[in-house]
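**Student:** For the protein sequence lines, the chains are A and B, in the order given.
The opening residue of the first sequence carries number 318 in this note's numbering; numbering runs sequentially from there.
The opening residue of the second sequence carries number 2 in this note's numbering; numbering runs sequentially from there.
A single structure is presented below for examination.
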Amino acid sequence: MLDWKWEFTWTILPRLLEATGKTVLAAGGGFAVALVLGLVLTLAQRTRFRPLSVITRELVELVRSTPLLLQVFFVYYVGPQFGLRLSPWTAGLLAIGLHYAAYLSEVYRGGIESVPKGQWEAAKAINLSVAKTYRRIILPQALPPALAGVGNYLVGILKDTPMLSVIGVVELMHTANAIGAENYRYLEPYTIVGLVFLALSLPLAWLFRRFETAVRRKLGLIK
Amino acid sequence: MSYLEFLNTYGEALIGGALTTITQFVLAALVAVAVALVAGLMKLAPVKFVRGIATVYVEIFRGTSLLVQLYWVFFALPLFGVSLHKFTAGFLTVGLCFGAYGAELVRGAVASVPKGQWEAALALNLSPTRRMWRIILPQAFIIMLPPWGNLMVEILKGTALVALISVADLMFEARQINSATYLSAQAFGTALILYYVFARFTVTPLMRWLERSMARRIGKA
Numbered sequence: 318m319l320d321w322k323w324e325f326t327w328t329i330l331p332r333l334l335e336a337t338g339k340t341v342l343a344a345g346g347g348f349a350v351a352l353v354l355g356l357v358l359t360l361a362q363r364t365r366f367r368p369l370s371v372i373t374r375e376l377v378e379l380v381r382s383t384p385l386l387l388q389v390f391f392v393y394y395v396g397p398q399f400g401l402r403l404s405p406w407t408a409g410l411l412a413i414g415l416h417y418a419a420y421l422s423e424v425y426r427g428g429i430e431s432v433p434k435g436q437w438e439a440a441k442a443i444n445l446s447v448a449k450t451y452r453r454i455i456l457p458q459a460l461p462p463a464l465a466g467v468g469n470y471l472v473g474i475l476k477d478t479p480m481l482s483v484i485g486v487v488e489l490m491h492t493a494n495a496i497g498a499e500n501y502r503y504l505e506p507y508t509i510v511g512l513v514f515l516a517l518s519l520p521l522a523w524l525f526r527r528f529e530t531a532v533r534r535k536l537g538l539i540k
Numbered sequence: 002m003s004y005l006e007f008l009n010t011y012g013e014a015l016i017g018g019a020l021t022t023i024t025q026f027v028l029a030a031l032v033a034v035a036v037a038l039v040a041g042l043m044k045l046a047p048v049k050f051v052r053g054i055a056t057v058y059v060e061i062f063r064g065t066s067l068l069v070q071l072y073w074v075f076f077a078l079p080l081f082g083v084s085l086h087k088f089t090a091g092f093l094t095v096g097l098c099f100g101a102y103g104a105e106l107v108r109g110a111v112a113s114v115p116k117g118q119w120e121a122a123l124a125l126n127l128s129p130t131r132r133m134w135r136i137i138l139p140q141a142f143i144i145m146l147p148p149w150g151n152l153m154v155e156i157l158k159g160t161a162l163v164a165l166i167s168v169a170d171l172m173f174e175a176r177q178i179n180s181a182t183y184l185s186a187q188a189f190g191t192a193l194i195l196y197y198v199f200a201r202f203t204v205t206p207l208m209r210w211l212e213r214s215m216a217r218r219i220g221k222a
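What follows is the structure in structure tokens.
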């Protein structure tokens with residue numbers, strides 16, 4: 318390939334691979350936030366208390382239809398204006414976690430709605446509390462149909478972590494930018510970043526599909 | 002500074018940015034639709050080589066981040082002798098990225114047109130082009146419109162990233178105002194509302210209307 322410098326590639330590779338660890342960490346952390354917060358948003362939308370469900374519904378729509386980049390800036394800069402200073406990592410994980418929580422809440426909702434109504438009635442008939450009905454009856458059945466969507470968003474969150482570089486989270490993209498600025502060479506770092514993302518996201522999607530099959534087998538849905 | 006004063010001072014810059022965002026969105030959407038149609042049909046081609054090209058395109062653009070692609074096109078591509086203006090690089094990359102997602106929608110929709118339609122077209126002795134254009138695509142179009150509605154919102158959100166290669170869109174202006182005034186809640190908050198209004202009350206209703214009117218034209222509503 319024209320103008321590709323292998324020597325330069327080898328010198329920057331260790332630094333980029335180290336930063337890849339940070340990217341994976343950011344994706345994992347953001348995903349953990351999103352998994353939990355997503356469930357909270359789903360349950361808040363399902364309460365009988367109308368104001369709460371309406372406000373949550375609008376919040377989810379707002380988060381889903383505005384750019385993540387803008388939300389990252391918003392979370393990072395608006396805090397200090399009111400005396401709440403967040404580190405780039407905290408703000409980044411919070412923003413990306415909230416963004417994907419809104420998407421995941423839709424996935425969970427679909428899963429919960431796919432549980433037959435008779436299950437609710439049966440749980441009521443044997444006098445289970447609402448919390449117990451969710452935990453022991455509904456959520457385990459809502460999980461398998463929701464898993465594919467969850468997997469898509471796991472890959473999505475990984476690919477969106479570069480946006481955290483704009484508030485100074487030192488992950489892969491941030492490191493590539495720094496290398497480019499130090500050496501006035503952008504071809505190698507950016508190409509490597511692209512390849513690293515390909516090398517991460519394709520196997521991740523595959524692994525999640527295997528995980529999905531394993532869960533279904535465990536729950537006795539397939540042999 | 003009250004919020005009204007803020008709007009008075011910076012409203013013009015924000016509206017200018019919003020217009021750039023809309024232009025970027027429309028151009029990126031056009032690129033995405035065109036590329037998705039070509040790549041989606043290529044994925045169904047009988048020749049393995051043609052399918053291979055489309056698969057490589059789709060996997061590369063879906064497997065990497067839009068931001069990485071944007072930086073690559075803007076900073077690395079000039080080294081191959083292709084220098085694009087930032088505005089062009091912006092909508093082109095966003096379009097190519099979401100075109101890859103759209104290609105899967107096109108492929109899925111065309112493949113799910115009932116087989117009898119293909120056979121009937123064959124029985125009527127329609128040429129392959131005519132069969133695709135007059136029989137298959139209109140029906141596939143109806144099938145794929147709802148997911149395209151979601152994709153359109155994703156494209157709109159994707160255009161915010163062009164701010165990072167300094168295209169003066171809404172995101173860019175909000176950031177400028179923020180660094181000049183530190184009125185973060187006002188600057189980013191207003192931009193959030195503008196994006197939200199555009200996505201929820203323009204793009205989505207427009208796509209819904211398109212769904213309804215297409216379904217009516219084909220006699221399914």
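By construction, the Cβ of each residue, glycine as well, lies at the ideal position given by its N, Cα and C atoms.
From a predicted model like this one, the values you see are computed outputs, not experimental measurements.
Near residue 173 of chain B, which residues of its chain fall below 7 Å by C-beta distance, leaving aside the five closest residues on each side in sequence?
**Tutor:** 18, 164 and 167
**Student:** To the nearest whole angstrom, what separates the beta carbons of residue 417 of chain A and residue 351 of chain A, a pair I think is in contact under 8 Å?
**Tutor:** 4 Å
**Student:** Could you say which of B:31, B:89, B:137 and B:98 lies nearest to residue 117 of chain B if we only look at CA atoms?
**Tutor:** B:137
**Student:** So, using beta-carbon positions, are residue 428 of chain A and residue 462 of chain A closer together than 8 Å?
**Tutor:** yes
**Student:** In chain A, which residues lie less than 7 Å from residue 185 of chain B when you measure between Cβ atoms?
**Tutor:** 394, 395 and 398
**Student:** Which one of A:377, A:413 and A:361 has the shortest CA to CA distance from residue 348 of chain A?
**Tutor:** A:413
**Student:** Does any residue of chain A have a CB that is nearer than 8 Å to the CB of residue 61 of chain B?
**Tutor:** So yes, residue 61 of chain B belongs to the interface.
**Student:** Which bits of chain B does residue 378 of chain A rub up against, with CB to CB less than 7 Å?
**Tutor:** Residue 378 of chain A reaches chain B at 201, counting residues in chain order whose Cβ is nearer than 7 Å.
**Student:** Does residue 503 of chain A have its Cβ less than 8 Å from a Cβ in chain B?
**Tutor:** yes
**Student:** Which bits of chain A does residue 172 of chain B rub up against, with CB to CB less than 9 Å?
**Tutor:** 384, 386, 387 and 390
**Student:** Tell me the DSSP secondary structure of residue 416 of chain A in three-state form.
**Tutor:** helix
**Student:** Could you tell me whether any Cβ in chain B is nearer than 8 Å to the Cβ of residue 348 of chain A?
**Tutor:** no
**Student:** Please report how far the alpha carbon of residue 354 of chain A lies from the alpha carbon of residue 369 of chain A, in whole angstroms.
**Tutor:** 15 Å
**Student:** Taking only beta-carbon atoms, is residue 179 of chain B less than 8 Å away from chain A?
**Tutor:** yes
**Student:** Measuring only from the beta carbon, is residue 184 of chain B closer than 7 Å to any heavy atom that is part of the ligand GTP?
**Tutor:** The ligand content of the structure shown is nil, which means the ligand GTP is not present either.
**Student:** Alpha carbons only, please: which of B:28, B:171 and B:187 is nearest the one belonging to residue 92 of chain B?
**Tutor:** B:28
**Student:** Looking only at its chain, what residues have a beta carbon closer than 7 Å to the beta carbon of residue 476 of chain A, apart from the 5 residues adjacent to it on each side?
**Tutor:** 514 and 518
**Student:** Straight-line CA distance for residue 490 of chain A to residue 339 of chain A?
**Tutor:** 10 Å
**Student:** Please list the partners that residue 518 of chain A has in chain B, where partner means a Cβ-to-Cβ separation under 7 Å.
**Tutor:** 64
**Student:** Can you find the residues in the same chain that come closer than 6 Å, C-beta to C-beta, to residue 104 of chain B, ignoring five residues on each side of it along the sequence?
**Tutor:** 37, 40, 41 and 59
**Student:** Under 9 Å between beta-carbons, which chain B residues line up against residue 515 of chain A? List them in chain order, please.
**Tutor:** Here the neighbours are 60, 61, 64 and 65.
**Student:** Near residue 22 of chain B, what residues of its chain come up, given a Cβ to Cβ distance below 7 Å and the 5 sequence neighbours on each side ignored?
**Tutor:** A distance below 7 Å between beta-carbons, with the five flanking residues on each side excluded, links residue 22 of chain B to the following residues of its chain, in chain order: 160, 170 and 171.
**Student:** Could you spell out where the alpha helix (DSSP H) holding residue 434 of chain A opens and where it closes?
**Tutor:** 434–442
**Student:** Compute the beta-carbon to beta-carbon distance between residue 409 of chain A and residue 486 of chain A, rounded to the nearest angstrom, for a pair I have assumed lies under 8 Å.
**Tutor:** Yes, residue 409 of chain A and residue 486 of chain A are in contact; Cβ-Cβ is about 5 Å, under 8 Å.
**Student:** Cβ of residue 497 of chain A less than 8 Å from any chain B Cβ?
**Tutor:** True, the Cβ-Cβ gap to chain B drops below 8 Å.
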